[in-house]
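Going letter by letter, the sequence shown gives residues -18 to -1, 1 to 307 in mature numbering (1 follows the signal peptide of the UniProt record, and there is no 0).
Even glycine gets a Cβ: it sits at the ideal position worked out from N, Cα and C.
From a predicted model like this one, the values you see are computed outputs, not experimental measurements.
Have a look at the structure below before the remarks.
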Amino acid sequence: MQACLAAALLATATTALAPAPVPPHAAAPARSPQGLENKYWAWRGQAIRYQVTEPTTPTGQKALLVHGLFVNADHWRKTLQALSEAGVTAYAIDLLGCGWSSKPHPTSDEAKALSGEKGRDELEDVDTFQGVELGTASGKLRTVSFVDKRHPVDGSCYNFYTWAEQLCDFTDEVIGGDCALICNSIGTISSLQACLDKPELFTGLLTVSPNFRELHTAEASPLAMPLVKTVQRLLRERGQGLFDALANANTVKNILKEPYAVKDAVTDELVDVLLTPLLTVGAADVVFDTLSYSAGPLPEDQLGRLPGGLPVWVCYGGSDPWTPP
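In C-alpha coordinates form, the structure reads like this:
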(Lines of atoms letter the chains of each structure in order from A and count residues from 1; the text may use other names and numbers.)
(Lines give C-alpha, C1' and ligand atoms only; values in the text may rest on other atoms or scores of the structure.)
Protein backbone atom coordinates (compact mmCIF):
# COMPACT_ATOMS: atom_id res chain seq x y z
CA MET A 1 0.00 0.00 0.00
CA GLN A 2 2.76 2.47 0.95
CA ALA A 3 4.48 1.84 -2.39
CA CYS A 4 1.18 2.42 -4.18
CA LEU A 5 0.66 5.67 -2.28
CA ALA A 6 4.18 6.87 -2.92
CA ALA A 7 3.80 6.25 -6.64
CA ALA A 8 0.83 8.61 -6.73
CA LEU A 9 2.66 11.59 -5.27
CA LEU A 10 4.64 14.35 -6.98
CA ALA A 11 6.64 17.12 -5.33
CA THR A 12 6.01 20.82 -4.47
CA ALA A 13 5.71 23.32 -1.60
CA THR A 14 3.06 24.31 0.95
CA THR A 15 1.40 27.63 1.77
CA ALA A 16 0.63 29.48 5.00
CA LEU A 17 -2.80 29.00 6.55
CA ALA A 18 -5.32 31.73 7.34
CA PRO A 19 -6.96 31.89 10.80
CA ALA A 20 -9.50 29.08 11.20
CA PRO A 21 -13.09 29.21 12.51
CA VAL A 22 -14.20 27.55 15.72
CA PRO A 23 -15.41 23.91 15.63
CA PRO A 24 -19.08 23.53 14.64
CA HIS A 25 -19.68 21.12 17.53
CA ALA A 26 -18.70 21.60 21.16
CA ALA A 27 -18.00 17.86 21.41
CA ALA A 28 -15.27 17.97 18.77
CA PRO A 29 -11.96 16.79 20.27
CA ALA A 30 -8.93 19.04 20.03
CA ARG A 31 -6.77 16.24 18.60
CA SER A 32 -7.06 12.92 16.81
CA PRO A 33 -6.17 9.66 18.59
CA GLN A 34 -2.75 9.92 16.91
CA GLY A 35 -2.23 13.40 18.36
CA LEU A 36 -2.82 15.43 15.20
CA GLU A 37 -4.53 18.76 15.82
CA ASN A 38 -8.07 19.06 14.49
CA LYS A 39 -7.91 22.26 12.45
CA TYR A 40 -10.85 24.15 10.91
CA TRP A 41 -11.01 25.96 7.59
CA ALA A 42 -13.74 28.52 6.82
CA TRP A 43 -15.41 27.64 3.51
CA ARG A 44 -18.48 29.50 2.24
CA GLY A 45 -19.58 30.24 5.79
CA GLN A 46 -19.05 26.65 6.98
CA ALA A 47 -16.44 25.15 9.29
CA ILE A 48 -14.50 22.30 7.67
CA ARG A 49 -12.38 20.02 9.85
CA TYR A 50 -9.03 18.78 8.59
CA GLN A 51 -5.73 17.36 9.81
CA VAL A 52 -2.23 17.74 8.44
CA THR A 53 1.04 15.89 9.04
CA GLU A 54 4.30 17.71 9.65
CA PRO A 55 7.03 15.27 8.53
CA THR A 56 10.43 15.55 10.19
CA THR A 57 12.18 15.35 6.82
CA PRO A 58 9.73 16.76 4.25
CA THR A 59 10.23 15.74 0.64
CA GLY A 60 8.01 18.48 -0.77
CA GLN A 61 5.39 15.93 -1.79
CA LYS A 62 1.77 16.69 -0.84
CA ALA A 63 -1.38 14.59 -0.69
CA LEU A 64 -5.03 15.22 0.18
CA LEU A 65 -6.90 12.21 1.59
CA VAL A 66 -10.65 12.00 0.90
CA HIS A 67 -12.82 9.65 2.97
CA GLY A 68 -15.74 7.44 1.94
CA LEU A 69 -19.42 7.16 2.82
CA PHE A 70 -20.46 8.27 6.34
CA VAL A 71 -16.90 8.30 7.70
CA ASN A 72 -14.37 11.12 8.15
CA ALA A 73 -10.73 12.18 8.21
CA ASP A 74 -9.94 9.90 11.16
CA HIS A 75 -10.47 6.89 8.88
CA TRP A 76 -7.06 7.82 7.43
CA ARG A 77 -5.28 8.14 10.78
CA LYS A 78 -2.80 5.29 10.14
CA THR A 79 -2.22 6.29 6.52
CA LEU A 80 -1.43 9.85 7.60
CA GLN A 81 1.21 8.51 9.97
CA ALA A 82 2.79 6.32 7.26
CA LEU A 83 2.87 9.19 4.76
CA SER A 84 4.43 11.48 7.34
CA GLU A 85 7.17 8.92 8.00
CA ALA A 86 7.79 8.88 4.23
CA GLY A 87 8.27 12.67 4.24
CA VAL A 88 4.92 13.53 2.66
CA THR A 89 2.90 16.51 3.90
CA ALA A 90 -0.51 14.85 3.98
CA TYR A 91 -3.91 16.40 4.63
CA ALA A 92 -7.13 14.58 5.54
CA ILE A 93 -10.41 16.49 5.29
CA ASP A 94 -14.00 16.04 6.45
CA LEU A 95 -16.34 16.65 3.52
CA LEU A 96 -19.24 19.02 4.17
CA GLY A 97 -21.85 17.22 6.27
CA CYS A 98 -19.38 14.58 7.47
CA GLY A 99 -17.27 14.09 10.57
CA TRP A 100 -16.77 17.33 12.51
CA SER A 101 -17.53 19.61 9.55
CA SER A 102 -20.68 21.75 9.44
CA LYS A 103 -23.97 20.02 8.60
CA PRO A 104 -26.56 22.49 7.26
CA HIS A 105 -30.01 20.94 6.80
CA PRO A 106 -30.36 19.57 3.23
CA THR A 107 -33.46 21.62 2.38
CA SER A 108 -32.40 24.87 4.06
CA ASP A 109 -31.66 28.08 2.18
CA GLU A 110 -28.12 27.77 3.51
CA ALA A 111 -27.73 24.38 1.80
CA LYS A 112 -29.20 25.64 -1.46
CA ALA A 113 -26.68 28.48 -1.53
CA LEU A 114 -23.84 25.97 -1.14
CA SER A 115 -24.91 23.47 -3.80
CA GLY A 116 -22.31 22.77 -6.45
CA GLU A 117 -25.03 21.87 -8.95
CA LYS A 118 -25.67 25.58 -9.50
CA GLY A 119 -24.06 27.38 -12.40
CA ARG A 120 -22.67 24.32 -14.16
CA ASP A 121 -22.96 24.45 -17.92
CA GLU A 122 -23.38 20.67 -18.19
CA LEU A 123 -26.41 20.80 -15.87
CA GLU A 124 -28.01 23.93 -17.30
CA ASP A 125 -31.66 23.10 -18.07
CA VAL A 126 -30.80 19.38 -18.09
CA ASP A 127 -31.64 16.91 -15.32
CA THR A 128 -31.12 13.68 -17.27
CA PHE A 129 -28.60 12.74 -19.96
CA GLN A 130 -29.61 10.14 -22.55
CA GLY A 131 -27.55 7.55 -24.41
CA VAL A 132 -24.37 8.01 -22.36
CA GLU A 133 -21.42 5.81 -23.36
CA LEU A 134 -19.40 4.38 -20.47
CA GLY A 135 -16.09 2.54 -20.55
CA THR A 136 -15.83 -1.06 -19.36
CA ALA A 137 -13.06 -3.08 -17.70
CA SER A 138 -12.42 -4.82 -21.04
CA GLY A 139 -11.74 -1.51 -22.77
CA LYS A 140 -15.01 -1.51 -24.67
CA LEU A 141 -18.01 0.82 -24.41
CA ARG A 142 -21.53 0.26 -23.15
CA THR A 143 -24.46 2.64 -23.50
CA VAL A 144 -26.86 3.49 -20.68
CA SER A 145 -30.25 4.94 -21.55
CA PHE A 146 -30.58 7.59 -18.84
CA VAL A 147 -28.18 9.19 -16.35
CA ASP A 148 -29.82 11.41 -13.74
CA LYS A 149 -27.33 14.14 -12.85
CA ARG A 150 -29.20 16.20 -10.24
CA HIS A 151 -29.86 15.39 -6.59
CA PRO A 152 -33.53 14.34 -6.13
CA VAL A 153 -33.84 16.74 -3.17
CA ASP A 154 -34.05 20.14 -4.83
CA GLY A 155 -31.20 22.37 -3.71
CA SER A 156 -29.42 19.86 -1.47
CA CYS A 157 -25.75 20.68 -1.09
CA TYR A 158 -24.81 17.06 -0.44
CA ASN A 159 -23.74 16.14 -3.94
CA PHE A 160 -20.48 15.32 -5.68
CA TYR A 161 -20.27 18.71 -7.37
CA THR A 162 -20.35 20.53 -4.01
CA TRP A 163 -17.75 18.23 -2.51
CA ALA A 164 -15.57 18.58 -5.62
CA GLU A 165 -15.65 22.36 -5.27
CA GLN A 166 -14.74 21.99 -1.60
CA LEU A 167 -11.72 19.85 -2.53
CA CYS A 168 -10.62 22.28 -5.24
CA ASP A 169 -10.91 25.32 -2.97
CA PHE A 170 -9.09 23.57 -0.11
CA THR A 171 -6.28 22.45 -2.41
CA ASP A 172 -5.94 25.96 -3.81
CA GLU A 173 -6.31 28.01 -0.61
CA VAL A 174 -4.75 25.77 2.05
CA ILE A 175 -2.40 23.35 0.29
CA GLY A 176 -1.31 25.59 -2.56
CA GLY A 177 -1.95 23.20 -5.45
CA ASP A 178 0.37 20.56 -6.95
CA CYS A 179 -1.22 17.91 -4.77
CA ALA A 180 -2.08 14.23 -5.24
CA LEU A 181 -5.56 13.04 -4.29
CA ILE A 182 -5.92 9.77 -2.37
CA CYS A 183 -9.52 8.68 -2.03
CA ASN A 184 -11.62 5.75 -0.85
CA SER A 185 -15.03 4.35 -1.78
CA ILE A 186 -17.59 7.03 -2.65
CA GLY A 187 -14.95 9.74 -2.07
CA THR A 188 -13.61 8.68 -5.46
CA ILE A 189 -16.49 10.40 -7.28
CA SER A 190 -15.88 13.77 -5.60
CA SER A 191 -12.14 13.46 -6.23
CA LEU A 192 -12.56 12.61 -9.91
CA GLN A 193 -14.96 15.54 -10.31
CA ALA A 194 -12.41 17.84 -8.66
CA CYS A 195 -9.81 16.69 -11.20
CA LEU A 196 -12.26 17.40 -14.02
CA ASP A 197 -13.14 20.83 -12.64
CA LYS A 198 -9.59 22.06 -12.00
CA PRO A 199 -7.00 19.56 -13.25
CA GLU A 200 -4.22 22.13 -12.90
CA LEU A 201 -4.40 21.77 -9.10
CA PHE A 202 -3.66 18.04 -8.99
CA THR A 203 -0.67 15.86 -9.84
CA GLY A 204 -2.54 12.54 -9.89
CA LEU A 205 -5.19 10.46 -8.18
CA LEU A 206 -5.05 7.17 -6.30
CA THR A 207 -8.35 5.51 -5.44
CA VAL A 208 -8.48 2.75 -2.84
CA SER A 209 -11.41 0.36 -3.34
CA PRO A 210 -13.53 2.80 -5.38
CA ASN A 211 -17.32 2.73 -5.37
CA PHE A 212 -18.94 2.27 -8.78
CA ARG A 213 -22.40 3.49 -7.73
CA GLU A 214 -24.43 0.32 -8.24
CA LEU A 215 -27.52 2.09 -6.84
CA HIS A 216 -27.37 4.91 -9.39
CA THR A 217 -30.54 5.16 -11.47
CA ALA A 218 -28.46 4.43 -14.57
CA GLU A 219 -27.34 1.08 -13.14
CA ALA A 220 -30.56 -0.07 -11.45
CA SER A 221 -33.53 -1.79 -13.02
CA PRO A 222 -36.18 0.72 -14.20
CA LEU A 223 -38.79 -1.48 -12.52
CA ALA A 224 -36.99 -1.29 -9.17
CA MET A 225 -36.31 2.45 -9.05
CA PRO A 226 -39.85 3.60 -8.10
CA LEU A 227 -39.69 1.34 -5.04
CA VAL A 228 -36.15 2.48 -4.21
CA LYS A 229 -37.16 6.15 -4.44
CA THR A 230 -40.18 5.54 -2.21
CA VAL A 231 -37.99 3.91 0.45
CA GLN A 232 -35.50 6.78 0.18
CA ARG A 233 -38.25 9.36 0.65
CA LEU A 234 -39.65 7.52 3.70
CA LEU A 235 -36.18 7.36 5.24
CA ARG A 236 -35.72 11.11 4.76
CA GLU A 237 -39.11 11.84 6.33
CA ARG A 238 -39.31 9.20 9.08
CA GLY A 239 -35.91 7.62 9.44
CA GLN A 240 -34.75 9.24 12.68
CA GLY A 241 -36.01 6.36 14.85
CA LEU A 242 -34.21 3.80 12.72
CA PHE A 243 -31.05 5.89 12.79
CA ASP A 244 -31.19 6.16 16.58
CA ALA A 245 -31.62 2.40 16.89
CA LEU A 246 -28.66 1.59 14.65
CA ALA A 247 -26.23 4.33 15.69
CA ASN A 248 -24.55 2.44 18.52
CA ALA A 249 -21.12 0.92 19.03
CA ASN A 250 -22.14 -2.74 18.70
CA THR A 251 -24.01 -2.22 15.43
CA VAL A 252 -21.23 -0.12 13.91
CA LYS A 253 -18.61 -2.68 14.95
CA ASN A 254 -20.56 -5.51 13.31
CA ILE A 255 -21.02 -3.51 10.11
CA LEU A 256 -17.31 -2.69 9.95
CA LYS A 257 -16.34 -6.35 10.34
CA GLU A 258 -17.96 -7.16 6.99
CA PRO A 259 -15.51 -5.28 4.72
CA TYR A 260 -12.52 -5.66 7.08
CA ALA A 261 -10.71 -8.92 6.27
CA VAL A 262 -8.48 -8.29 9.31
CA LYS A 263 -11.08 -8.38 12.07
CA ASP A 264 -8.60 -7.17 14.70
CA ALA A 265 -8.45 -3.85 12.84
CA VAL A 266 -12.02 -3.11 13.99
CA THR A 267 -10.99 -1.65 17.34
CA ASP A 268 -12.95 0.39 19.86
CA GLU A 269 -10.91 3.40 18.72
CA LEU A 270 -12.02 2.94 15.11
CA VAL A 271 -15.66 2.60 16.14
CA ASP A 272 -15.42 5.70 18.33
CA VAL A 273 -13.83 7.99 15.72
CA LEU A 274 -16.41 6.98 13.11
CA LEU A 275 -19.51 6.84 15.31
CA THR A 276 -19.17 9.87 17.60
CA PRO A 277 -19.49 12.53 14.83
CA LEU A 278 -22.58 10.68 13.53
CA LEU A 279 -24.30 11.42 16.84
CA THR A 280 -24.05 15.20 16.43
CA VAL A 281 -26.96 17.45 15.48
CA GLY A 282 -27.81 17.25 11.78
CA ALA A 283 -25.86 14.07 11.05
CA ALA A 284 -28.94 11.87 10.57
CA ASP A 285 -30.43 14.32 8.06
CA VAL A 286 -27.22 14.20 6.02
CA VAL A 287 -27.11 10.38 6.15
CA PHE A 288 -30.62 9.96 4.77
CA ASP A 289 -30.16 12.73 2.22
CA THR A 290 -27.01 11.01 0.96
CA LEU A 291 -28.75 7.63 0.83
CA SER A 292 -31.34 9.29 -1.43
CA TYR A 293 -28.68 10.44 -3.89
CA SER A 294 -29.01 7.86 -6.68
CA ALA A 295 -27.92 10.43 -9.26
CA GLY A 296 -24.92 12.52 -10.18
CA PRO A 297 -21.77 11.60 -12.11
CA LEU A 298 -20.64 8.02 -12.77
CA PRO A 299 -16.95 7.12 -12.34
CA GLU A 300 -16.74 5.37 -15.72
CA ASP A 301 -17.85 8.58 -17.41
CA GLN A 302 -15.52 10.71 -15.30
CA LEU A 303 -12.50 8.53 -16.02
CA GLY A 304 -13.17 8.79 -19.73
CA ARG A 305 -13.13 12.59 -19.59
CA LEU A 306 -9.99 13.16 -17.48
CA PRO A 307 -7.10 15.06 -19.10
CA GLY A 308 -4.65 12.67 -20.71
CA GLY A 309 -1.68 13.81 -18.66
CA LEU A 310 -3.28 13.20 -15.26
CA PRO A 311 -2.26 9.76 -13.91
CA VAL A 312 -4.79 7.60 -12.06
CA TRP A 313 -4.01 4.56 -9.91
CA VAL A 314 -6.64 2.06 -8.71
CA CYS A 315 -5.87 -0.03 -5.63
CA TYR A 316 -7.93 -2.89 -4.16
CA GLY A 317 -7.55 -4.98 -1.03
CA GLY A 318 -6.97 -8.56 -2.13
CA SER A 319 -9.57 -9.80 0.36
CA ASP A 320 -12.04 -6.91 -0.01
CA PRO A 321 -15.52 -8.52 -0.14
CA TRP A 322 -17.35 -5.32 -1.16
CA THR A 323 -15.21 -4.06 -4.04
CA PRO A 324 -13.30 -7.01 -5.50
CA PRO A 325 -10.84 -6.52 -8.38
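- Task: Please determine, among R26, D103 and V48, the residue with the shortest C-alpha to C-alpha distance to P86.
- Result: If you number the sequence shown from 1, residue 86 lands on position 104. Closest option to P86, Cα to Cα, is R26.
- Give a yes or no on whether the C-beta atoms belonging to S172 and N193 are separated by under 7 Å. By 1-based counting over the sequence shown, the position of residue 172 is 190. By 1-based counting over the sequence shown, the position of residue 193 is 211. Contact flag unset, no.
- Query: Name the DSSP beta bridge partners of Y32, please?
  - Reply: Indexing the sequence shown from 1 puts residue 32 at position 50. Per DSSP, K21 and I75.
- Query: In or out: W23 buried (at least 16 other Cβ within 10 Å) or exposed?
  - Reply: As a first step, residue 23 is located in the sequence shown; it is residue number 41 there, counting from the start. With 16 or more other Cβ atoms within 10 Å, it is buried.
- Message: I need the boundaries of the beta strand (DSSP E) containing C161, first residue and last residue.
- Response: Locating residue 161 in the sequence shown gives position 179, where the first residue counts as 1. Its beta strand (DSSP E) spans residues C161 to S167.
- Message: Need the endpoints of the beta strand (DSSP E) that P192 sits in, please.
- Response: Here residue 192 refers to the residue found at position 210 when the sequence shown is read from its first residue. First-last of the beta strand (DSSP E) with P192: F184 to P192.
- Query: To which residues of the same chain is L209 closer than 6 Å at the C-beta, ignoring the five residues directly before and after it?
  - Reply: Taking the sequence shown and counting its residues from 1, the one referred to as residue 209 is at position 227. If we look at L209 and ignore the five residues flanking it on each side, it has no Cβ neighbours.
- Item | Three CB pairs or more closer than 8 Å across the region 62 to 75 and the region 25 to 41 | yes
- Among P88, T39 and A29, the one whose alpha carbon lies nearest that of A265: Translated into positions along the sequence shown, residue 265 becomes position 283. Cα-wise, what sits closest to A265 is P88.
- Under the three-state reduction of DSSP, which class applies to A45: helix, strand or coil? Working through the sequence shown from its first residue, we reach residue 45 at position 63. A45: strand per DSSP, three-state reduction.
- Whose C-alpha, out of T212, L205 and D160, is nearest the C-alpha of L187? As a first step, residue 187 is located in the sequence shown; it is residue number 205 there, counting from the start. Nearest C-alpha to L187: D160.
- Quick one: give me the first and last residue of the alpha helix (DSSP H) that V269 is part of. Working through the sequence shown from its first residue, we reach residue 269 at position 287. Element bounds for V269: A265 to L273.
- Query: Can you give the Cα-Cα distance for I164 and A45, rounded to whole angstroms?
  - Reply: As a working note, residue 164 is residue 182 in the sequence shown. As a working note, residue 45 is residue 63 in the sequence shown. One C-alpha to the other measures close to 7 Å.
- Going by beta carbon distance, what residues of the same chain come within less than 7 Å of R287, once the five residues before and after it are set aside? Your numbering for residue 287 matches position 305 in the sequence shown. Apart from sequence neighbours up to five positions away, the residues of its chain that approach R287 with a beta-carbon distance below 7 Å are L178, ordered along the chain.
- Item | alpha helix (DSSP H) segment containing residue 322, residue limits | An answer regarding residue 322 cannot be provided, because it is not within the stretch -18 to 307 covered by the chain.
- Message: Could you give the first and the last residue of the continuous beta strand (DSSP E) run that contains V156?
- Response: Locating residue 156 in the sequence shown gives position 174, where the first residue counts as 1. Per DSSP, V156 belongs to no beta strand (DSSP E) and is neither H nor E.
- Item | N- and C-terminal bounds of the alpha helix (DSSP H) containing V234 | As a first step, residue 234 is located in the sequence shown; it is residue number 252 there, counting from the start. A231 to K239 is the extent of the alpha helix (DSSP H) around V234.
- Query: From L252 to H57, what distance separates their C-alpha atoms?
  - Reply: Within the sequence shown, numbered from 1, the residue matching residue 252 stands at position 270. Within the sequence shown, numbered from 1, the residue matching residue 57 stands at position 75. Cα-Cα distance, rounded: 8 Å.
- Query: For the beta strand (DSSP E) that V244 lies in, which residues bound it at each end?
  - Reply: Within the sequence shown, numbered from 1, the residue matching residue 244 stands at position 262. In this chain, V244 is not harboured by any beta strand (DSSP E), its DSSP state being neither H nor E.
- Query: Can you round the beta-carbon distance between H7 and G169 to whole angstroms, since I take them to be within the 8 Å contact cut?
  - Reply: In the sequence shown, the residue the question calls residue 7 occupies position 25. In the sequence shown, the residue the question calls residue 169 occupies position 187. So it is not a contact: roughly 21 Å between Cβ atoms.
- L216 versus S14 - alpha carbon distance: Here residue 216 refers to the residue found at position 234 of the sequence shown. Here residue 14 refers to the residue found at position 32 of the sequence shown. In a straight line, the C-alpha of L216 is about 36 Å away from that of S14.
- Task: With DSSP as the reference, label D283 as helix, strand or coil.
- Result: Here the question's residue 283 lines up with position 301 in the sequence shown. Residue state, collapsed to three classes: helix.
- Three-state class that DSSP yields for W58 in the structure shown: In the sequence shown, counting from the first residue as 1, residue 58 sits at position 76. Here W58 sits in helix by DSSP.
- Which stretch, first to last residue, makes up the alpha helix (DSSP H) that contains V210? Residue 210 sits at position 228 when you count from the first residue of the sequence shown. That run of the alpha helix (DSSP H) goes M207 to R220.
- From D151 to K180, what distance separates their C-alpha atoms? Counting from 1 along the sequence shown, the entry for residue 151 is found at position 169. Counting from 1 along the sequence shown, the entry for residue 180 is found at position 198. Cα-Cα distance, rounded: 10 Å.
- Message: Going by DSSP, what residue range makes up the beta strand (DSSP E) through V296?
- Response: Within the sequence shown, the letter at position 314 stands for residue 296. First-last of the beta strand (DSSP E) with V296: V294 to C297.
- DSSP-derived helix/strand/coil call for D302: Counted from its first residue, the sequence shown places residue 302 at position 320. D302 falls in the coil class under three-state DSSP.
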